[in-house]
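Right, one structure below, let's go through it.
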Amino acid sequence: MFCSYKTYLWATFESDLKPPLDMSWENYIEKCGREAYLSNNINAHREFNKFYQDQVIYWEGAFVNMTPFFNSKAQILYYKISIKMIPSDSPNVDIHLKYSRNI
């Protein structure tokens with residue numbers, strides 16, 4: 003997981019969740035968003051690792067699409083789910099959720 007133009011997050015089962023942090027999407031944009039990354043990518047990575055890495059945060063966004071990928075060697079089905087946030091920090095989608103499942 004890293005902080006850059008696009009945010010990549012991983013979906014998990016509710017039983018695996020930690021208590022959620024009270025961090026807004028706007029706060030994320032300010033600390034790790036596109037402008038923060040372009041002005042100082044080292045600091046944006048540090049902020050992401052300190053506050054957002056491996057954390058549970060509830061944000062609402064608009065579903066854009068879902069793309070399945072199958073890894074036949076590992077017998078794992080992956081889904082990439084694209085989300086557009088408001089306010090947006092990207093001309094396309096803002097968040098990609100990755101969900102995997104063993105077949």
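Taking the numbering used here, the leading residue of the sequence shown gets 3, the next gets one more, and so forth. Even glycine gets a Cβ: it sits at the ideal position worked out from N, Cα and C.
Determine whether the beta carbon atoms of Ile-31 and Asp-91 lie at a separation below 9 Å.
For this step, residue 31 is matched to residue 29 along the sequence shown. For this step, residue 91 is matched to residue 89 along the sequence shown. Contact flag set, yes.
What whole-angstrom Cβ distance do Ile-83 and Tyr-54 have, given they're in contact under 8 Å?
Within the sequence shown, residue 83 is the residue found at index 81, counting from 1. Within the sequence shown, residue 54 is the residue found at index 52, counting from 1. Not quite, the Cβ-Cβ distance comes to about 18 Å (not below 8 Å), so this is no contact.
Classify Ala-76 as buried or exposed, calling it buried when 16 or more other Cβ atoms lie within 10 Å of its own Cβ.
One-based indexing of the sequence shown puts residue 76 at position 74. Classification for Ala-76: exposed.
Let me make sure I understand the geometry here. Which of Trp-27, Pro-22, Leu-99, His-98 has the alpha-carbon closest to that of Asp-62?
Within the sequence shown, numbered from 1, the residue matching residue 62 stands at position 60. The amino acid at residue 62 is misidentified as Asp; the sequence shows Glu. It is Trp-27.
Apart from the five residues on each side of it in sequence, which residues of its chain come closer than 6 Å, Cβ to Cβ, to Lys-20?
Here residue 20 refers to the residue found at position 18 when the sequence shown is read from its first residue. Cβ within range, chain order: Val-58.
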